[in-house]
Each structure stands twice: as structure tokens, then as C-alpha cells.
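Protein chains in written order, with our numbering: chain A, 42 to 205; chain B, 42 to 205; chain C, 42 to 205; chain D, 42 to 205. For every residue, glycine included, the Cβ atom is placed at its ideal position computed from N, Cα and C. Quantities reported herein were computed from a predicted structural model and do not represent experimental measurements. What follows is a short report on a single structure.
There are 4 protein chains.
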Amino acid sequence: MKIAIVYHSETGNTEKMAELVCAGCALVEGVEARCMPITAVDETYVVESRAVILGSPTYEGSCSWQMKRYLDAGAKGLAGKLGGVFASQNWPGGGGASFAEMTMIAGMLVRGMIIYSGGITKGQPYLHFGAVSRRAPEEELYRERCVKLGENIARKAVELFGDM
Amino acid sequence: MKIAIVYHSETGNTEKMAELVCAGCALVEGVEARCMPITAVDETYVVESRAVILGSPTYEGSCSWQMKRYLDAGAKGLAGKLGGVFASQNWPGGGGASFAEMTMIAGMLVRGMIIYSGGITKGQPYLHFGAVSRRAPEEELYRERCVKLGENIARKAVELFGDM
Amino acid sequence: MKIAIVYHSETGNTEKMAELVCAGCALVEGVEARCMPITAVDETYVVESRAVILGSPTYEGSCSWQMKRYLDAGAKGLAGKLGGVFASQNWPGGGGASFAEMTMIAGMLVRGMIIYSGGITKGQPYLHFGAVSRRAPEEELYRERCVKLGENIARKAVELFGDM
Amino acid sequence: MKIAIVYHSETGNTEKMAELVCAGCALVEGVEARCMPITAVDETYVVESRAVILGSPTYEGSCSWQMKRYLDAGAKGLAGKLGGVFASQNWPGGGGASFAEMTMIAGMLVRGMIIYSGGITKGQPYLHFGAVSRRAPEEELYRERCVKLGENIARKAVELFGDM
Numbered sequence: 042m043k044i045a046i047v048y049h050s051e052t053g054n055t056e057k058m059a060e061l062v063c064a065g066c067a068l069v070e071g072v073e074a075r076c077m078p079i080t081a082v083d084e085t086y087v088v089e090s091r092a093v094i095l096g097s098p099t100y101e102g103s104c105s106w107q108m109k110r111y112l113d114a115g116a117k118g119l120a121g122k123l124g125g126v127f128a129s130q131n132w133p134g135g136g137g138a139s140f141a142e143m144t145m146i147a148g149m150l151v152r153g154m155i156i157y158s159g160g161i162t163k164g165q166p167y168l169h170f171g172a173v174s175r176r177a178p179e180e181e182l183y184r185e186r187c188v189k190l191g192e193n194i195a196r197k198a199v200e201l202f203g204d205m
Numbered sequence: 042m043k044i045a046i047v048y049h050s051e052t053g054n055t056e057k058m059a060e061l062v063c064a065g066c067a068l069v070e071g072v073e074a075r076c077m078p079i080t081a082v083d084e085t086y087v088v089e090s091r092a093v094i095l096g097s098p099t100y101e102g103s104c105s106w107q108m109k110r111y112l113d114a115g116a117k118g119l120a121g122k123l124g125g126v127f128a129s130q131n132w133p134g135g136g137g138a139s140f141a142e143m144t145m146i147a148g149m150l151v152r153g154m155i156i157y158s159g160g161i162t163k164g165q166p167y168l169h170f171g172a173v174s175r176r177a178p179e180e181e182l183y184r185e186r187c188v189k190l191g192e193n194i195a196r197k198a199v200e201l202f203g204d205m
Numbered sequence: 042m043k044i045a046i047v048y049h050s051e052t053g054n055t056e057k058m059a060e061l062v063c064a065g066c067a068l069v070e071g072v073e074a075r076c077m078p079i080t081a082v083d084e085t086y087v088v089e090s091r092a093v094i095l096g097s098p099t100y101e102g103s104c105s106w107q108m109k110r111y112l113d114a115g116a117k118g119l120a121g122k123l124g125g126v127f128a129s130q131n132w133p134g135g136g137g138a139s140f141a142e143m144t145m146i147a148g149m150l151v152r153g154m155i156i157y158s159g160g161i162t163k164g165q166p167y168l169h170f171g172a173v174s175r176r177a178p179e180e181e182l183y184r185e186r187c188v189k190l191g192e193n194i195a196r197k198a199v200e201l202f203g204d205m
Numbered sequence: 042m043k044i045a046i047v048y049h050s051e052t053g054n055t056e057k058m059a060e061l062v063c064a065g066c067a068l069v070e071g072v073e074a075r076c077m078p079i080t081a082v083d084e085t086y087v088v089e090s091r092a093v094i095l096g097s098p099t100y101e102g103s104c105s106w107q108m109k110r111y112l113d114a115g116a117k118g119l120a121g122k123l124g125g126v127f128a129s130q131n132w133p134g135g136g137g138a139s140f141a142e143m144t145m146i147a148g149m150l151v152r153g154m155i156i157y158s159g160g161i162t163k164g165q166p167y168l169h170f171g172a173v174s175r176r177a178p179e180e181e182l183y184r185e186r187c188v189k190l191g192e193n194i195a196r197k198a199v200e201l202f203g204d205m
């Protein structure tokens, strides 16, 4: 089962999150995951994926305009897929990342996706709306969150779509 | 397969939405749906349900405090279930219902639910984050949205959980 | 006192809202208001303005990526100014316009603006987070909302900054 | 000039934030600030205040139902006042506090308030939508944010209303 992680990153922080999310997906048997920046999306791979996870830096309190442009104009084949989100911000809390996650979730719902994070039900670290990191995920907590998001989404995708 | 519609209603507007959402669920073969106000939730039924749909009036731009209290303190057994939302507002657009829907979705994600609406991918009327009505759903558009939300959630629940 | 209305419009719907917001501002003595699309912002005029009102269509449940790009990368001199918002959507409620308004408000707060709508305290039609219209503001309610937003922001700007 | 800080706190974390916000207000000459829990609001003082700052813990990704109840049913005399927000969460980022702040801001706009934080325009630490702390504000960053929010709101209130 394929899972696509589509991210926007200028400084490399969100890209590092994407790699950890990808590693988290790969912990689940039968799952193949691939990261791709929104400037080089492999549309065929996205269409073939059963889950798509979007990641963005937080700009002015919501997801970056580049990620918004992807959601508005570029994203193809998202309907019916499982969706998850992650966001970097420059501060430990209060930088708007939770709101940025909700902006992506809003667009993904409109596109017919099924949104999941696992929230506080899959053990610590808790995820709430998705995975958030202060800048690049260097501290253990932020690294674990990214891995957990990938793992939660991959396990849920296998559970929901494994027999299809 | 059981589906629970849990709503808060003071004027009866959101209750009428709930009944139409329930009727929409019942259009799908094999689905049993039941409406219940947050003051009289059948917890056993909720726990046995594969999908839970929450509905609230829009108060001060977000879901009512009564619905928020249910999400904060009362809701049991939501993890892993499919979730959907609906909201009434007093105005045709601009009354905050979309934001109210996102408040409920935020809480449902934290509780480990899988959120779905169908968005703009299941034909008209489009749903975006869920079903919105101006006051009681008397106009055809508002009635159809409620029914469609129920139907979309029920079909998706059968698709995802039908074999489990 | 100058007020700038900066909008993004592809179909012309949001542009028509902008013109009505502008007309509402002009109802207030001593106020000069000007509309400008984000593709042709008069930066000098914006900097000289005491209030800036932003308008966008609702795309995928939030403000358009073009408006987000303006907030992320283009907007200059917003700090300390009074801010207001308006949004068009394709549906009477439930199209995400309230959430789109909040996305703009998030960015405006980060940029140091002071946000105001008047909400439900300035008589009908009520505004909540700003002015919302279904497509172009053809129905009386939608037209009145746009005018009211302009008038509320202009009156508040004169009240707050009139002596400065 | 009076400023009221109205907060909800169960564990005492948000209360400690409130005290620091209050201390920040008191740094500004001519300002008298007072903290009060939503269970014991001094309504006369709130009505006499030119600014009201609301603080809440983050529950299930938005402000607590108790704070929502205050906004829905209890808050009096907020129209026309300057407003600010703060929120505690259990995690350094990703706990939903930014979204919780936006829930309060939504209600405050509906009630006719003028919302301000100062965002990233008043030096570090940046505030974005308001002040966020992980649990009680023990780390320097979180303490400074609370003080800065109070100071920003108080300075702006004096600037806007000082001559009235």
C-alpha cells in the first residue's frame, strides 16, 4: 500500500519532518511511503496512494501560500483517501501551527478526504490535529511526534483499506 | 451497522437537521441510525456505533458551550469511529457555522475520530466541512444537505467498516 | 482619513463586494476609501491608510492562495492599522467563508493589526467576523452587509484615530 | 484606565498566566489591571474597563466549555472594548492552543470587540494571536509572552482610548 507525503519547505525544517513522517509510515508492514516537495509532486504516485499526508511551515498563522496553492489548484485524486497533516513553526507553542493544520484539514475535507491523526488515543506523544515541530524536529518530542503521525496514518490506512 | 447522531438544540432548528441527517443515514442498506440530544445520550448505542455525527447551533461564532462540554467532558468511545458534523446558524452565510463545524472537528480529531464530509466530491449540494442550515432546514437546499451528510457518512462507514 | 480595501477576485464576485465595502466607508464623513486588487496594490496608499480591509473568495474552505500570498509575502505597513475582512462563497452558508475570514484575521493579527467587524452590536444585518456574500452580492442582505462592514470600520477608524 | 483579565483555570496554569498578563498591564502608566476567574467576574469592573483579556486552557483543541459558556451566555459589556487572548496547553506546540485562541477571538468579534495581540511587530517574544504557555508559565519564554501580551494590550488601550 502506497502513502504519499507532500510537503512545502523553504528552510528544510518541514522537509526534515516529512522524512520522519515517512519513516513512521515505513514501520508498518506492507506500506511503502514516499516524500515529495510540492514543487515536484509525483502525481501518479499520489493517485495510487491510499493515504496522503500534507506538511507545511506556518506562515502568518496558517499554512504557507504555496501549500494553499497546491490545495486550491494542484492537488489531484485526493478524494476518498486517508489524510493527515503536519506543520512546523518557529516557536514552542503559540506560533499558529495548530491553526495552520486546521487550514489544511479544511481543504482536505472539501476535497473529499478522510482526516485522521489519532489524537490523544494512541499513546504519547499526543498528536491533537497532526504533528507539530518547533523548527526542524531536533528535540526528541518533535521527532517522535512525526514518526507517530506516520505510523498512525499507515496503521489506519492498512486497517481501513487493507482488504480492498 | 449503527450510527449515532448526537446534537444540541435549544430552538429545535438543529434537532430538525438531526432528523434529516438520520433519514439520510437510513437510505443506506444495513444502516441503523438514531438521533439523540446531548442531554439524553444513549452511551451504549454510541459505543456500539461505527460512526458518530455531531450537530450544534452556532453561538458566538463556534459550537455551543453545551456541545463543547459534551466534547470536553462527556463523550465516550469516539476513538476510531467515523465522524461528521452539522451546524445551524441564523443567517445565510457569514454566521460562523463553518468555523463552528471546525471547532467540533478539532475536538473529534483529538478524540481519535476519522473525519469525513464528502466535500465537493459527492455531487450537489456540496457539503464542505459538513452540513449547514440557516435556522431549521426548510429550504430545499438545506434539507438536501442534511440528508446528503447522513448518506455520505453512512456509505463511507459501510465501505470502511462493512467487513469488520 | 484614508482606508484601503485590498481584494482578490477572479470571477468579479469579490470585486463587487469590495465596491460596496468602499461605498460603506464613504458614508462616513472625513473618510476617503479606495479599492485595489492584490495584483495592483497602491502601497503608498495602503501605508497612508488608517484601516485596511481585506477580501477574498473562499477556496477549499479558506482564503485564496493569492490572498494568502499577499499576507505572507506582500503586505507592507499593516501594523497598528484597523483591519476588517470580507469573503465570498458559492453557497448560502456552509461554503467555508467564516473559516476563510478567520484565516485572513489570523494573518492580520500576526502582522500587528487591530481587528474589528462590529459583530452583532451595530444592528442588522449582523456581521459576525466580517461580511459574507453568496457569490456577487445581488441579494439585499448581502449588499447591506458589505456596506455595513465598510461603515463600521470607517466609523471605528474615525473614533479611534480621528484625533491623531 | 481599567483593564480586566477574565480567565478559566482548573489546574492553576492559566491562572498563573493571568497574573503575569496582569503584571504586564501594570507596567503601563495610568493602567489599573485586575484578574478574575470566570466563576467570580466583577461585572461592574468589566463594564468600566477599556480592554478585556480572556484566558483559557486548551480542551480538545479549543477553549474550555466553561470559557465558551462565558462567551455564549455570561459576558456583558464587551462591545467596543479592546480584546486580547491567552491560552495554556499541555504541550510545547501542537496542543491546539492557537486554535483555542481563535475560538475566543471569534466570539469576541461577534460581541463587537476590537482584537489585538501585537503579533510579530512588538519585538520578541512574538505573540501571534495572543500568549501561549505550556502548562504554567515557568520557562522564561512563556513568562515573557504573558507579560508582553499584557503590556501590548495596555499600551494600545492607552493609545486608542487615552484621550476619551
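Contact of residue 140 of chain C with chain B is assigned, a C-beta pair being separated by under 8 angstroms. Runs of the beta strand (DSSP E) lying entirely within the segment 67-95 of chain C and spanning at least 3 residues, in chain order: 73-78. For residue 123 of chain D, the enclosing beta strand (DSSP E) starts and ends at 123-130. Closest in C-alpha terms to residue 139 of chain A, from the list D:173, D:90 and D:118, comes D:173. Residue 188 of chain C has its alpha-carbon roughly 14 angstroms from the corresponding atom of residue 160 of chain C.
One alpha carbon belongs to residue 93 of chain C, the other to residue 103 of chain A, and they sit about 20 angstroms apart. If you draw a straight line from the Cα of residue 156 of chain D to the Cα of residue 166 of chain C, it comes to about 21 angstroms.
Of B:118, B:122, B:78 and B:61, the smallest CA-CA separation from residue 198 of chain B is found for B:122. Interface with chain A (8 angstroms Cβ-Cβ cutoff): residue 94 of chain B is excluded. Residue 192 of chain B does not reach chain D, its nearest Cβ partner there being about 27 angstroms away, counting only Cβ pairs nearer than 7 angstroms. Residue 52 of chain D counts as exposed, since fewer than 16 other beta carbons sit within 10 angstroms of its beta carbon. Just so you know, the alpha carbons of residue 83 of chain B and residue 132 of chain A end up roughly 43 angstroms apart.
Looking only at A:107, A:150, A:89 and A:115, the smallest Cα-Cα distance to residue 124 of chain A is reached by A:150. CA-CA distance, residue 169 of chain B to residue 79 of chain D, rounds to 35 angstroms.
In the three-state reduction of the DSSP assignment, residue 44 of chain B falls in the strand class. Counting every other CB atom within 10 Å of its CB across the protein chains shown gives residue 85 of chain A a total below 16, marking it as exposed.
By the Cβ test, the segment 174-188 of chain D is in contact with the segment 47-63 of chain D, since at least three Cβ pairs between them sit closer than 8 angstroms.
With distances taken between CA atoms, residue 57 of chain D lies nearest to D:176 out of D:163, D:176, D:81 and D:72.
In summary, residue 89 of chain C is exposed, with fewer than 16 beta-carbon neighbours lying within 10 Å of its beta-carbon over all protein chains present. In this structure, the alpha-carbon of residue 127 of chain A lies about 43 angstroms from that of residue 42 of chain C.
Residue nearest to residue 152 of chain D within the set B:45, B:50 and B:100 is B:100 (criterion: CA-CA distance).
The alpha-carbon of residue 119 of chain A is positioned some 16 angstroms away from that of residue 201 of chain A.
Of all residues in the segment 157-169 of chain C, only 157, 158, 159, 160, 161, 162, 163, 167, 168 and 169 come within less than 9 angstroms of chain D when Cβ atoms are compared, listed by chain position. Neighbours of residue 100 of chain D in chain B, taken as residues at a C-beta separation under 7 angstroms, are given in chain order as 113. In this structure, the beta-carbon distance from residue 143 of chain D to residue 147 of chain C falls below 8 angstroms.
From the listed residues D:130, D:134, D:203 and D:137, the smallest Cα separation to residue 55 of chain D is found for D:130. Under the Cβ distance rule, residue 137 of chain C counts among the residues neighbouring chain A, one pair being separated by less than 8 angstroms. CA-to-CA, the gap between residue 108 of chain B and residue 87 of chain B works out to about 15 angstroms.
Just so you know, the alpha carbons of residue 44 of chain B and residue 158 of chain B end up roughly 15 angstroms apart. Around residue 68 of chain C, the same chain offers 192 as residues with beta carbons nearer than 6 angstroms, after the five sequence neighbours per side are excluded.
Neighbours of residue 186 of chain C in chain B, taken as residues at a C-beta separation under 8 angstroms, are given in chain order as 135. The C-beta distance from residue 95 of chain C to residue 145 of chain C rounds to 5 angstroms, short enough to meet the 8 angstroms contact threshold.
Its Cα nearest to that of residue 163 of chain C, the residue C:196 stands out among C:154, C:179, C:196 and C:134.
Taken through DSSP and simplified to helix, strand or coil, residue 172 of chain A comes out as strand.
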